[in-house]
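Heads up, the sequence shown is in the UniProt record's numbering, so the first residue is 1 and it goes up one at a time.
We put the CB at the ideal spot given by N, CA and C, even for glycine.
Structure record follows, encoded as structure tokens.
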Amino acid sequence: MKYIKTDWKTPYYNFALEEYLMNKAPEDSYLFFYIHKPSIIVGKYQNTIEEINKDFVDENGIVVARRISGGGAVYHDEGNLNFSFVQPADREDVNNFEKFTRPIIDALNELGVEAELSGRNDILVDEKKISGNAQYYSKGRILSHGTLLFNSEMSNLGKALKANDLKIKSKGVKSVKSRVANIKDYLDKDMSIYELKNHLLSYMSHTLGIDEYVLTDKELEDVYKRAEEKFSKWDWNWGESPKFEISKTDKFSCGLINVKLNVKKGKIIDCKIYGDFFTRRDISELEEFLCNQTYKKTSIENALKDINLWDYFYGINIEDFAKLITN
């Protein structure tokens, strides 16, 4: 595995590097860490305006950035250490968060932090979340990345993100802030966030075998171009929020799904799907497939038999998805 040292504090560049390593780099495995200035990071399929408290974000100059992976919105600041693994993979590796979080968990355990993977994609300590993880799969390669709350400003985290009632109800907690914790509070000795990064790197060097890799000038040029032409753009980070007549939302094992539709003369004419789910294929394919379908549960069920729904929503059956759309 190759380790890339980066110093970018703005999310656009680190996300551009992730995309570059997914699409352009040789068939090698990569690891890198990054720390961002105050930012909200939204998942690929989320509706940004519905995930953030915009007034607080604007007043405090918080960066809003969209990543290429699915999953939910998270808050980053300089007390938050992030890690990214990019490597060859099979489709079976999608949603296998145990494989990619195990080195992180074991390294934290070595420090006396009793961390464990819980639920779909969270690392918990004392039943509180210290890490959320997300994935993106494309053409035989996977990006699996996550946060590590080390000494993050919890009051800003709670104010910057909107808490979704369905997610809170499913977790049995009252707010975003009440279900998260900082790693620093569970350490036996004082440590900086950079010392934590060095510990993780040292641990993985011994267990995974790591060599440092320096990006070439040409590779850096590609990363900067992606950051400037895609990841820093309003269209990517915010996008249009068109008006829809029908909006259906529910929480499933794969995550929150919000389907917005326009229906005319019994046919679906517009479809947009938002949520914090993870996919094996791009959700725009399913949106396009649903357009022109008859807006009736049995009709949608019959149509969906022609595709593998689990490529889009792992673990959902056709009947439940058709019921979500039409009920």
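Around the C-beta of D122, 16 or more other C-beta atoms lie within 10 Å, and the residue is accordingly described as buried.
Under the DSSP assignment, H36 falls outside any beta strand (DSSP E); it carries neither an H nor an E label. For Y45, the CB contacts under 8 Å within the same chain, skipping 5 residues up- and downstream, are G70, I273, Y274, G275, D276, F277, T279 and I283 in chain order.
Note on geometry: alpha-carbon atoms of V180 and R120 lie some 16 Å from one another. The three-state secondary structure of G158, taken from DSSP, is helix. Between L261 and D250, the C-beta spacing is not below 8 Å. Under the three-state reduction of DSSP, Y45 is assigned to coil, being neither helix nor strand. For A65, the enclosing beta strand (DSSP E) stretches over residues V63 to R66.
Measuring C-alpha to C-alpha distances from A73 to each of G43, G266, A89 and L324 identifies G43 as the nearest.
The C-alpha of N151 lies about 9 Å from the C-alpha of S192. Cβ neighbours of G209 within its own chain (closer than 8 Å, five residues either side excluded): M1.
Judged by DSSP in its simplified three-state form, V125 adopts strand. Every alpha helix (DSSP H) stretch that sits fully inside the segment 199-272 and reaches 4 residues is listed by chain position as 217-226 and 234-237.
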